[in-house]
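Contents: one structure, followed by commentary.
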Ligand code: RIB
């Protein structure tokens, strides 16, 4: 067992409510409810594993019923997981609201995720991995240490800066090869990095920019590869020597966009392995995985399986291999 993908990150038990419109402060509304496995790190690991690329995961839970569910779920999904179980802490939970436009609002209680340590990563995972995937849903120091370890082992490191947090420090970027923010996270990072010139920079500013200017902005962060996910517009890729946009798949029935970013990250990591590091093909593959995931309700359970991805690729004449 030598998984080329190593995800270091969060597991949450998702408590998801769907409703026509989000409630206003002080309002009670009637909706529907489902619960299941989630957490950005775990969702990314499941998305990658469902594409049939061996995937390892390192995460932390409490000693509770949600922890047992997490362990069983990863076993069923074939994710090679190492769980740190903290008896004094609760497994992380997420309250998710989804409206009838497929938009979401999420609150996470980190619980045991905040106790995850880079020392929880088994040496054999580090020796086997080609790519390490991280997010910001665990304690940030551990994430930085994990990225450092990844670099020391010659692993390509990816950071999905989600959820963006007030305690985010740009110094973590020193250890990152591939940065994958969404538009909101990108805006936050630009404001942090270049506050004087970009105080008024917002999500609306992104489509108004020429691609060359967006590329120049990405280049200010010193990260070799920058990928901004743009929802239905696909993603923008900026590397040291080129930039391009990869369109999203269209003509889909969007039901729930929760976890779409995770689907992209897991699919993209898998694509990098499958296509020998070809960024454009990996991004196309990530877009396809994300596009299929939003046609179903839920997070990890909505990730598409390899057979479905293959048949969509043939149907759409996407000759990735
Ligand atoms: O990205 C979606 C995920 O964010 C959900 O599964 C929820 O757990 C939160 O972490």
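Residue numbers (our numbering): 105 to 425. Quick reminder that beta carbons are idealized off the backbone N, C-alpha and C, glycines included.
The DSSP-derived three-state label of residue 115 is coil.
For a cut-off of 8 Å, the C-beta gap from residue 350 to residue 388 is around 6 Å, short enough to register as a contact. As the crow flies, the alpha-carbon of residue 127 is around 20 Å from that of residue 197. A distance below 7 Å between beta-carbons, with the five flanking residues on each side excluded, links residue 194 to the following residues of its chain, in chain order: 166, 168, 215, 216. Taking 9 Å as the cut-off, the beta carbon of residue 175 is found no closer than this to the beta carbon of residue 229. Counting only residues of its own chain and dropping the five nearest sequence neighbours on each side, residue 148 has a CB closer than 6 Å to the CB of 111, 237, 366, 369, 370.
Counting the other Cβ atoms within 10 Å of the Cβ of residue 155 gives 16 or more, which makes it buried.
Taking all protein chains in view, the Cβ of residue 420 is surrounded by fewer than 16 other Cβ atoms within 10 Å, so the residue is classified as exposed. Boundaries of the beta strand (DSSP E) harbouring residue 142: 136-142, taken from the DSSP string. Annotation: the continuous alpha helix (DSSP H) that includes residue 310 extends over 309-312. Between the ligand RIB and the CB of residue 142, the shortest heavy atom gap is smaller than 8 Å. Taking the C-beta atoms as reference points, residue 235 is found no nearer than 9 Å to residue 283. Selection 239, 346, 150 evaluated against residue 180 yields 150 as nearest (Cα-Cα). Pairing residue 252 with residue 275 gives a Cβ-Cβ distance that is not under 9 Å.
Assignment of residue 237 by DSSP, reduced to helix, strand and coil, places it in the strand class. In the three-state reduction of the DSSP assignment, residue 376 falls in the helix class. Secondary-structure assignment with DSSP links residue 286 through a beta bridge to 333. A Cβ-Cβ distance of about 7 Å is found for the pair residue 200 and residue 119, placing them in contact under the 8 Å criterion. Within the same chain, 395, 399 come within 6 Å of residue 356 by CB-CB distance, once the 5 residues on both sides are set aside. When the alpha-carbon of residue 202 is set against those of 123, 192, 270, the nearest one is in 123. Residue side-chain check: residue 289 keeps its Cβ at 8 Å or more from all non-hydrogen atoms of the ligand RIB.
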